[in-house]
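Remarks on the structure that follows.
In the working numbering, the protein residues as written are 3 to 491.
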């Protein structure tokens, strides 16, 4: 199918033949999926029936080994379905662009009826398997232990206390280890420090200093598990250089589950801040001065805002060869040329001579597992290309769409909004992209694509007011302007 979507081959074979070939391949994928799904479900039923509390130690160890193998098989099946669903969508997008037709709208509903494309059945079996594992391997607590043990008067700490400091002093951290500190950036009304968590992996070997920030908007959370997984798999003994991560850069907003600072201010429009100004401006100033200025490179992790969803995309200045290289290594679906809006963390870092990119990872207030996994591969690629890690660079399975600019389309009237195109799909000039109905169900407004482009992000909250964003359209027209700002908020 991938070979068939080559421009010359596809135009010669025509839509009907491509349609038939594509569905034939999808059915083959589905047949393999269903075979593995049935086998895994049957194995799970057998292992669940086999377990008893009276199993001998030898039988229990054998059962655990079999069950661990099953969970691995289910995880592989889950990855198989996700990979094939994403690949199928990309092939349809590419074919649609070549044929200059929205064939995805016609073909994808047929594909989505196949079990492998639902992305739910295998996840349910995996969830059930993990629940059975937890139940059957739980360590029993004897009644005697419950009666004889001294009652606990408080929760027990399972980690050592983490110190609070006021500056990121990289020379103070031990070589070849991962360290954790709190860094105070301001004080609250009780005179207590407002702190951010910082993780520092100081390699045993010389190399660059790379910083990663997440949750600068407090409800944009996907960067947090990415950082945790990156550090979990990191070996500082083989690391070249220093990796610094701030899992939550906006702790007041994070605690309130909101995008902005405690007063609602957008920290990503206040950089580099001011030392004598409002609370959020001082916080922004100290974030730059106490942490970010020590970096040599910056990867700033974000998600969509509340009520919107994003593709996996990167915003970077593509006229700068350093950030252009970082953007491509990130392996996103889309790269948008953007020279950073005023007040952004990325722009402040670039002004300090620190090459920086912004990575948008899915949706707010949740963890998008597939996006986090793919974005982590991209971050690892960047670190590998800088020779900080052993050669682990993973080549992309596809070429990202490179947009020379992008912009939002806004609603002119209020009502109930429906946005039609899927993320990372192409629209052509004149395609219907959204409608607004009034509360009685009548169509108030229809919106059409003003030009050809790719869907970078879109609004999903149906409740729409005048001025709400509808759709983020990326334009791939080639020329990279010296100053480009999509007005992204």
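The C-beta atom is built at its ideal place from N, Cα and C for all residues, glycine as well.
- Fewer than three pairs of CB atoms, one per stretch, sit closer than 8 angstroms, so the stretch 317 to 337 makes no contact with the stretch 271 to 283.
- By the Cβ neighbour-count rule, residue 74 is exposed, with fewer than 16 other Cβ atoms within 10 Å of its own.
- Looking at the DSSP output, residue 168 bridges to nothing.
- The three-state reading of DSSP puts residue 208 in strand, counting E and B together.
- Excluding five sequence positions before and after residue 412, the CB atoms of its chain that fall closer than 8 angstroms to its own CB belong to 469, 470, 471, 472, given in chain order.
- With 16 or more neighbouring CB atoms inside 10 Å of its own CB, residue 263 falls in the buried class.
- Under DSSP, the beta-bridge partners assigned to residue 473 are 411, 460.
- Take residue 294, set aside five residues on each side of it, and the residues of its chain with a beta-carbon closer than 8 angstroms to its own are 213, 215, 300, 347, 350, 351, 354, 356, in chain order.
- In the three-state DSSP reduction, residue 401 falls in the coil class, being neither helix nor strand.
- DSSP, read as helix, strand or coil, puts residue 78 in helix.
- Below 8 angstroms, too few C-beta pairs join the stretch 230 to 241 and the stretch 285 to 293 to call them touching: fewer than three.
- Residue range 371 to 387 is occupied by the alpha helix (DSSP H) that includes residue 375, with no beta strand (DSSP E) assigned at that position.
- Comparing C-alpha distances from residue 438 to each of 131, 430, 464 shows the shortest one belongs to 464.
- Here residue 352 carries a helix assignment [DSSP, helix/strand/coil].
- DSSP, read as helix, strand or coil, puts residue 55 in coil.
- Bounds of the alpha helix (DSSP H) holding residue 325 are 323 to 331.
- For residue 179, there is no enclosing alpha helix (DSSP H); the residue is found in the beta strand (DSSP E) stretching over 179 to 189.
- Beta-bridge pairing by DSSP links residue 466 to 417.
- Beta-carbon to beta-carbon, residue 271 and residue 366 are separated by about 17 angstroms, too far to satisfy the 8 angstroms threshold.
- Contact between the stretch 446 to 453 and the stretch 413 to 431 is established, with three or more Cβ pairs separated by less than 8 angstroms.
- Contact between the stretch 244 to 255 and the stretch 323 to 343 is absent: fewer than three C-beta pairs spanning the two stretches fall below 8 angstroms.
- Using a Cβ distance threshold of 7 angstroms, residue 480 and residue 458 do not count as a contacting pair.
- Within the stretch 97 to 127, the runs of alpha helix (DSSP H) at least 4 residues long that lie entirely inside it are, in chain order, 105 to 114.
- The alpha-carbon separation between residue 360 and residue 342 amounts to approximately 9 angstroms.
- Between the alpha carbons of residue 25 and residue 91 lies a gap of roughly 12 angstroms.
- For the pair residue 305 and residue 364, the CB atoms are nearer than the 7 angstroms cut-off.
- Listed in chain order, the beta strand (DSSP E) runs fully inside the stretch 281 to 346 are 299 to 304, 310 to 312, 314 to 318, 336 to 339, counting runs of at least 3 residues.
- In the same chain as residue 50, and ignoring 5 residues on each side of it, the C-beta atoms closer than 7 angstroms to its own belong to 134, in chain order.
- The beta carbon of residue 139 lies closer than 8 angstroms to those of 66 in the same chain, with the five residues before and after it left out.
- Sequence-distant partners of residue 421 (beyond 5 residues in either direction) whose C-beta falls short of 8 angstroms from its own C-beta, in its chain, are 435, 436, 460, 461, 462, 472, 473.
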